[in-house]
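Those letters in the sequence shown? Residues -17 to 270, per the numbering used here, in order. Quick reminder that beta carbons are idealized off the backbone N, C-alpha and C, glycines included. Since this is a predicted model, take the numbers as computed values, not measurements.
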Amino acid sequence: MLEELRTLVLFAEEGSIQKVARRLPLTQPAVTRQLQRLEDVLGTTLLDRRQKPPRLTAAGLEVLTRARHILASVEALKSFAAEAEPRGVLRVGLAHGLSDAAVANAIAGAATAFPKASLRLRTAWSAELVDQFDRGQLDMAIVLRPFDYEGPGALGIERLSVIAQSGGSAHDLETQSSMPWVLSPEPCDARQTLLSGMGRDERRRLVVAAEIQDPAMQMAWVRRGHGLGLMPSRLAARGIPDGLALVDAGDLDLSMRVVALCSPHLNALAKVADAIAQAVGKAIAGDN
């Protein structure tokens, strides 16, 4: 009915069906049918068709006044909805591999701009978060996907570096091919990426010496020489922890896409989700 009311207002402004048809744009018969439908719904005659061109009847002038008020109210409501301050709970999932201080600070910083919104943040492996998002248990999920991912929501690239106990005679993956690994349990995103990369080279075989989910404990085991480990290259660029050293991985590509999945039904909370996604993207790029 709103379209019919808009057509009536345009008719009052233009004075003819032909001019209204040009403005919409519609055919003249389509404009005539809209006005007739409005008359049928309201049960009154809006146009005096005895005159050429037709003129608004007394009832038509009354309906015109009310139509303008209704349309103005609708536009005000749209403006309110678009500019409303986000409030409520935003349920966010974050992949374990991204739950470091840099990303956490980025999310917290983005959230502070919206004091009436609160976060319910959980961490898990990407596969679990995607499943929870699909089930409607999360409003937003920031996950790790294969490097060749081409879907929507890509925020950046997370590259992994190989680390080992410092002080060794050689720090390249080729000479340390017999070393086992210290990794998180399946379905760890980094572990899957490593396995995929090594699977292309028959000379390399993944042997896991220890499965440890906590990154600090992983570093401790690598530092003691129990095996090779992984850490985000963006964190390694800020400084390798004492007792550890980078390993030249050669042509082994350990890259993943960071992707933000967002519900299309967030309304005003979409502003919070957008701010978080942008902040995480900058953190991944090392811009924070």
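Selection from the options that minimises the alpha carbon distance to residue i
| i | options | result |
| --- | --- | --- |
| D171 | L155, M213 and D224 | M213 |
| S148 | D30, A84 and D230 | D230 |
| R102 | S160, A255, R32 and A267 | A255 |
| P36 | A218, L243, I(-1) and S215 | I(-1) |
| S100 | L6, V189, G70 and A90 | G70 |
| M238 | A(-6), S215, R32 and L(-13) | S215 |
| S178 | L234, S160, V190 and D154 | L234 |
| T105 | E(-14), L38, L28 and V125 | V125 |
| L176 | R48, G207, G211 and D154 | G211 |
| L111 | R31, G79, I89 and G133 | G79 |
| L217 | A259, G209, G268 and G232 | G268 |
| L228 | P167, V204 and V241 | V204 |
| E168 | S159, M180, V190 and G181 | V190 |
| G146 | A54, H208 and R187 | Residue identity differs from the one stated: residue 146 is Ala in this sequence, not Gly. Of the candidates A54, H208 and R187, the one whose C-alpha sits nearest the C-alpha of A146 is H208. |
| R220 | A83, A(-6) and S160 | A83 |
| R187 | S159, F62, R117 and G(-3) | S159 |
| A310 | A93, I194 and A109 | Because the chain is modelled from -17 through 270, residue 310 falls outside the range shown and cannot be assessed. |
Presumed contact (8 Å Cβ cut-off) between residue i and residue j, rounded CB distance
| i | j | result |
| --- | --- | --- |
| V45 | L59 | Between L59 and V45 the Cβ distance is about 20 Å, and since that is not below 8 Å, they are no contact. |
| L76 | L142 | Not confirmed; about 17 Å, so no contact. |
| Q200 | V164 | 5 Å |
| M122 | V74 | 5 Å |
| G91 | C244 | Actually they do not touch by this definition, with Cβ atoms about 19 Å apart. |
| P11 | A250 | P11 to A250, Cβ: 41 Å. No contact. |
| L29 | L17 | 6 Å |
| I266 | E132 | Actually they are not in contact, since the Cβ atoms of I266 and E132 sit about 18 Å apart, beyond 8 Å. |
| T27 | A41 | 7 Å |
| V13 | A3 | 5 Å |
| A88 | A259 | The pair is not a contact, with the Cβ atoms about 10 Å apart (cut-off 8 Å). |
Beta-bridge partners of residue i, as assigned by DSSP
| i | result |
| --- | --- |
| N147 | In the sequence on display, residue 147 carries Gln and not Asn. The partner list for Q147 (beta bridge, DSSP) reads L226. |
| G104 | It should be pointed out that residue 104 corresponds to Arg in this sequence rather than to Gly. Its beta-bridge partners are G75. |
| V23 | In DSSP, V23 forms no bridge with anything. |
| D154 | D230 |
| W163 | V190 and L210 |
| G138 | V240 |
| L29 | L38 |
Segment limits, alpha helix (DSSP H) that includes residue i
| i | result |
| --- | --- |
| M180 | D171 to M180 |
| A191 | No alpha helix (DSSP H) holds A191; the beta strand (DSSP E) holding it covers V190 to E193. |
| L217 | S215 to A218 |
| Q260 | A252 to A267 |
| E(-5) | L(-16) to E(-4) |
| Q119 | Neither: Q119 is in no alpha helix (DSSP H) and is coded neither H nor E. |
| P7 | Counting along the chain, P7 falls outside any alpha helix (DSSP H), and DSSP gives it neither H nor E. |
| P197 | P197 to R205 |
N- and C-terminal bounds of the beta strand (DSSP E) containing residue i
| i | result |
| --- | --- |
| A123 | M122 to P128 |
Counting only runs of 4+ residues fully inside the segment 58 to 98, write out the alpha helix (DSSP H) ranges in chain order.
-> Qualifying alpha helix (DSSP H) stretches, in chain order: 83 to 93.
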